[in-house]
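Beneath this line is the structure, given in structure tokens, with notes to follow.
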Amino acid sequence: MWEHNKRFHLYILKPLIRINGLYYWGAFSVERNSNIWRNTILNHRLPADIDKREVTAVLKKGHLELENGLVEKANEIVQRFTKDTRINFFPHKIDSSISNIGDVDVLAFIKDKNILLNIESKIIDQVYALKDLSRVQKRTFGRTKSDGTFEKGDLHKVEERENYLKKEYAKVMSSLGWQQNDQPPKIVSIFLTKMTYFWTKFPLNDTSVNFVEIRMLNEFISTA
Numbered sequence: 159m160w161e162h163n164k165r166f167h168l169y170i171l172k173p174l175i176r177i178n179g180l181y182y183w184g185a186f187s188v189e190r191n192s193n194i195w196r197n198t199i200l201n202h203r204l205p206a207d208i209d210k211r212e213v214t215a216v217l218k219k220g221h222l223e224l225e226n227g228l229v230e231k232a233n234e235i236v237q238r239f240t241k242d243t244r245i246n247f248f249p250h251k252i253d254s255s256i257s258n259i260g261d262v263d264v265l266a267f268i269k270d271k272n273i274l275l276n277i278e279s280k281i282i283d284q285v286y287a288l289k290d291l292s293r294v295q296k297r298t299f300g301r302t303k304s305d306g307t308f309e310k311g312d313l314h315k316v317e318e319r320e321n322y323l324k325k326e327y328a329k330v331m332s333s334l335g336w337q338q339n340d341q342p343p344k345i346v347s348i349f350l351t352k353m354t355y356f357w358t359k360f361p362l363n364d365t366s367v368n369f370v371e372i373r374m375l376n377e378f379i380s381t382a
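Written out as structure tokens, the structure reads:
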């Protein structure tokens, strides 16, 4: 096809052209499309529900590695302020009186500020359509199901762990061997993301949890 002669002037993808049973696609469109799909794979999620188990398994593995990397990076940043940190801390493992309320991705105590950090790290899926946006928001902020009951989202789970730490901070810190100050620590909860979205800047729910982008974590802790 002659499209390569005008590729610098073409800014949108053109559809496949079928001629005598064969499909033709201009060189520029092929390049643009390959870039789009490469970026899609880097997001570790396909733009549609495609029944390819092998591909999905590889993407899920990449998504998990990305989440683990975000936790490790958060812990690395927190350790600039304190060495009293713990990754993947499960409160119910040191307190049999409570049920499993999930894990604190990064728990840390900054003694000179008397702050106990409760950090939840999340890789938020790429949004391709309004339906995807609604799904991600409901996963984060919860949703009302068809039977009228409310299903809690990721944000509520962070709040539950925050409430537990406010009540049982002494038990938690003692189990970790962290020296406490005379006054109760201030619990600072963080919902950490790789990227900022409009609903993380303007949360749908009133909450004490702070939405923070990973590149802003150092500055946030410095001014906390």
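Sequential numbering of the sequence shown, starting at 159, is according to our numbering. In this text, a Cβ means the ideal position worked out from N, Cα and C, and glycines have one as well.
Cα-Cα separation between residue i and residue j, rounded to whole angstroms
i       : j       : result
Asn-233 : Ile-175 : 52 Å
Glu-223 : Phe-360 : 28 Å
Thr-107 : Leu-288 : Here the chain covers residues 159 to 382 and nothing more, so residue 107 does not appear.
Tyr-387 : Leu-313 : For the chain, the structure presents residues 159 to 382; residue 387 sits outside this window and is missing.
Val-285 : His-250 : 34 Å
Gly-227 : Ser-380 : 22 Å
Asp-364 : Asp-242 : 30 Å
Phe-239 : Asp-270 : 9 Å
Phe-308 : Ser-254 : 27 Å
Lys-218 : Ser-292 : 21 Å
Val-213 : Leu-204 : 9 Å
Leu-334 : Val-188 : 56 Å
Met-159 : Asn-193 : Low confidence applies here, because Met-159 scores a pLDDT of 44, under 50, leaving its location unreliable and the question unanswered by this model.
Segment limits, beta strand (DSSP E) that includes residue i
i       : result
Arg-176 : 175-177
Asp-290 : Looking at the DSSP string, Asp-290 is not in any beta strand (DSSP E); the run it does join, the alpha helix (DSSP H), is 288-299.
Lys-219 : Premise fails: Lys-219 lies in the alpha helix (DSSP H), 211-236, not in any beta strand (DSSP E).
Phe-267 : 262-268
Lys-280 : 273-280
Thr-354 : Unbroken run through Thr-354: none, as it is neither H nor E.
Arg-203 : Taken as a continuous stretch (DSSP letters only), Arg-203 belongs to no beta strand (DSSP E), as it is neither H nor E.
Asn-246 : 243-247
Asn-339 : Looking at the DSSP string, Asn-339 is not in any beta strand (DSSP E), and its letter there is neither H nor E.
Buried or exposed by the 16-neighbour rule on C-beta atoms within 10 Å, applied to residue i
i       : result
Trp-195 : exposed
Ile-281 : buried
Thr-351 : buried
Phe-356 : exposed
Ala-215 : exposed
Ile-268 : buried
His-162 : Because His-162 sits at a pLDDT of 45, beneath the cut-off of 50, its placement in the model cannot be relied upon, and the following sentence gives the value as read from the coordinates. Exposed, since its Cβ has fewer than 16 Cβ neighbours within 10 Å.
Leu-274 : buried
Run of the alpha helix (DSSP H) containing residue i, from where it starts to where it stops
i       : result
Asn-321 : 312-334
Asn-376 : 375-381
Identity of the residue in the options nearest residue i by Cα
i       : options                               : result
Gln-337 : Asn-272, Gly-306, Leu-313 and Asn-178 : Asn-272
Met-331 : Lys-231, Leu-291, Lys-219 and Asn-276 : Asn-276
Ile-372 : Leu-323, Glu-225, Ile-177 and Tyr-182 : Glu-225
Asp-261 : Arg-319, Lys-329 and Phe-369          : Arg-319
Lys-469 : Phe-308, Lys-315 and Pro-343          : Residue 469 cannot be examined here, being either before or after the span of the chain that is shown, 159 to 382.
Phe-349 : Glu-317, Ile-259 and Thr-214          : Glu-317
Pro-347 : Val-370, Thr-214 and Trp-183          : Checking the sequence shown, residue 347 turns out to be Ser, not Pro. The candidate whose alpha carbon is nearest that of Ser-347 is Val-370.
Ala-382 : Ile-345, Val-294 and Thr-354          : Ile-345
Other residues of its chain near residue i: CB distance less than 6 Å, five sequence neighbours each side excluded
i       : result
Leu-375 : Ile-235
Asp-290 : none
Ile-256 : His-250
Residues near residue i by beta carbon distance below 8 Å, same chain, minus five either side
i       : result
Val-229 : Ile-245, Asn-246, Asp-263, Val-264 and Ser-279
Gly-412 : The chain is shown from 159 up to 382; residue 412 falls before or after that span and cannot be answered.
Lys-231 : Ile-372
Ile-259 : Pro-249, His-250, Lys-315, Glu-318, Arg-319 and Tyr-322
Lys-329 : Ile-252 and Asp-253
Same chain, Cβ closer than 7 Å to residue i, neighbours up to 5 away in sequence not counted
i       : result
Gly-220 : His-202
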